[in-house]
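Inspection log for the structure reproduced underneath, given as structure tokens.
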Amino acid sequence: MPPEIILAFILALIVIALFMTLVNRYRRCPSNKVLVIYGKTGKGAARTIHGGAAFVWPLLQDYAYLDLEPFVVPIELTNALSQENIRVSVPTTITAAISTEEGLMQNAAVRLLGLQQQEIKDQAQDIILGQMRAVIATMAIEEINRDRQAFMGKVNEAVSTELEKIGVTAINVNIRDIDDESGYIVALGKKAAAEAINQALVDV
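Position in the sequence shown (from 1) plus 247 gives the number in our numbering.
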């Protein structure tokens with residue numbers, strides 16, 4: 248076989264191998280994930296992509312995915328001190344997920360990449376517990392009991408701000424109950440019921 252044909256055949260094999268390598272390094276990102284490209288990116292610690300696709304340079308870069316599936320964080324908060332130093336229990340359920348906002352995806356890439364979902368939930372749980380205790384400490388127990396929507400709003404604001412630092416966003420905050428060890432909230436309920444009954448009798 249002539250040398251020219253052998254050389255052409257070798258060059259063709261090299262071109263095909265190079266093309267296949269390039270094709271294999273072109274990564275598409277599903278809508279329910281965030282593609283994180285790390286290594287020599289020219290854009291800080293990592294480059295994040297939600298949707299679309301990107302080329303990952305061999306040797307210089309590598310990639311991984313962050314899952315956008317929402318997860319539920321159960322919070323069994325007990326013995327949180329209110330403004331009057333009354334111990335309050337506030338069992339809560341918070342639904343959260345990794346954010347798709349540009350800056351927050353970067354935070355998630357730095358803080359959460361490579362972690363299992365349970366490890367992410369544990370981090371979120373620690374943050375939420377701390378923020379809920381901080382919010383309760385600034386409010387009187389009667390205020391917490393009287394306007395639960397306002398209390399939930401404060402909790403949501405405080406929790407969201409801190410979760411965003413690790414690239415997580417709070418989707419829903421559900422406070423299941425509010426109780427205290429002294430029985431103060433129960434007494435408030437009985438007082439309100441008695442006043443309503445007395446007013447009804449007066450009206451009659």
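Ideal Cβ positions, reconstructed from N, Cα and C, are used throughout, including at glycine.
Values in this document were obtained by computation on a predicted structure and should not be read as measured data.
* To do: Grab me the residues of Q370's own chain with a C-beta within less than 7 Å of its C-beta, minus the 5 sequence neighbours each way, in chain order.
  => Numbered from 1 along the sequence shown, position 123 holds the residue referred to as residue 370. Within the same chain, Q370 has close Cβ partners I413.
* To do: Give the straight-line distance between the Cα atoms of F207 and I257, rounded to the nearest whole angstrom.
  => In the structure as shown, the chain starts at 248 and stops at 451, and residue 207 therefore has no counterpart that could be examined.
* Touch test, the stretch 397–406 against the stretch 318–327, Cβ-Cβ under 8 Å, three pairs minimum -> Too few Cβ pairs lie closer than 8 Å, so no.
* Determine contact between the stretch 374–389 and the stretch 322–340, defined as no fewer than three beta-carbon pairs at a distance below 8 Å. => Using a C-beta cut-off of 8 Å, the stretch 374–389 makes contact with the stretch 322–340, since at least three inter-stretch Cβ pairs fall below that distance.
* **Other residues of its chain near H297: CB distance less than 6 Å, five sequence neighbours each side excluded** => Along the sequence shown, read from residue 1 onward, the residue named residue 297 stands at position 50. Close CB contacts of H297 within its chain, under the 6 Å cut and outside five residues either way in sequence, are with V281 and T347 (chain order).
* **Top-ranked residue by Cα proximity to Q396, from V415, I425, A381 and L254** => Here residue 396 refers to the residue found at position 149 of the sequence shown. Nearest option by C-alpha distance: I425.
* To do: Could you tell me the boundaries of the alpha helix (DSSP H) in which E389 lies?
  => Within the sequence shown, residue 389 is the residue found at index 142, counting from 1. For E389, the enclosing alpha helix (DSSP H) has its first and last residue at I388 to R393.
* If you compare alpha carbons, which of M399, Q353 and D314 is closest to N279? -> Indexing the sequence shown from 1 puts residue 279 at position 32. Of the listed residues, the one whose Cα sits closest to N279 is D314.
* To do: Could you tell me if Q363 is buried or exposed, where buried requires 16 or more neighbouring beta carbons within 10 angstroms of its beta carbon?
  => Start at 1 with the first residue of the sequence shown, and residue 363 comes out as number 116. With fewer than 16 other CB atoms across the displayed protein chains lying within 10 angstroms of its CB, Q363 is exposed.
* **Length of the line joining the Cα atoms of V382 and R423** => Start at 1 with the first residue of the sequence shown, and residue 382 comes out as number 135. Start at 1 with the first residue of the sequence shown, and residue 423 comes out as number 176. Rounded to whole angstroms, the separation of the alpha carbons of R423 and V382 is 17 Å.
* Asked: By how many angstroms is the C-alpha of S407 removed from the C-alpha of E349?
  -> Position 102 of the sequence shown holds residue 349. Position 160 of the sequence shown holds residue 407. Rounded to the nearest angstrom, the two C-alpha atoms are 16 Å apart.
* Range covered by the alpha helix (DSSP H) that runs through V415 -> The residue given as residue 415 occupies position 168 in the sequence shown. V415: not part of any alpha helix (DSSP H); member of the beta strand (DSSP E) spanning V415 to I422, first to last residue.
* Asked: Just curious, the beta strand (DSSP E) that Q308 is in, first and last residue?
  -> Counted from its first residue, the sequence shown places residue 308 at position 61. Q308 to D314 is the extent of the beta strand (DSSP E) around Q308.
* Asked: Once you ignore the five residues that flank A417 on each side, which residues in its own chain have a CB closer than 8 Å to its CB?
  -> Working through the sequence shown from its first residue, we reach residue 417 at position 170. Beyond the five residues adjoining it in sequence on each side, A417 comes within less than 8 Å, by CB distance, of I341, T342, A343, N403, V406, S407 and L410 in the same chain, given in chain order.
* Integer Cβ distance of Y273 from A293, believed to fall under 8 Å -> Here residue 273 refers to the residue found at position 26 when the sequence shown is read from its first residue. Here residue 293 refers to the residue found at position 46 when the sequence shown is read from its first residue. With 8 Å as the limit, Y273 and A293 do not qualify as a contact, their Cβ atoms being about 18 Å apart.
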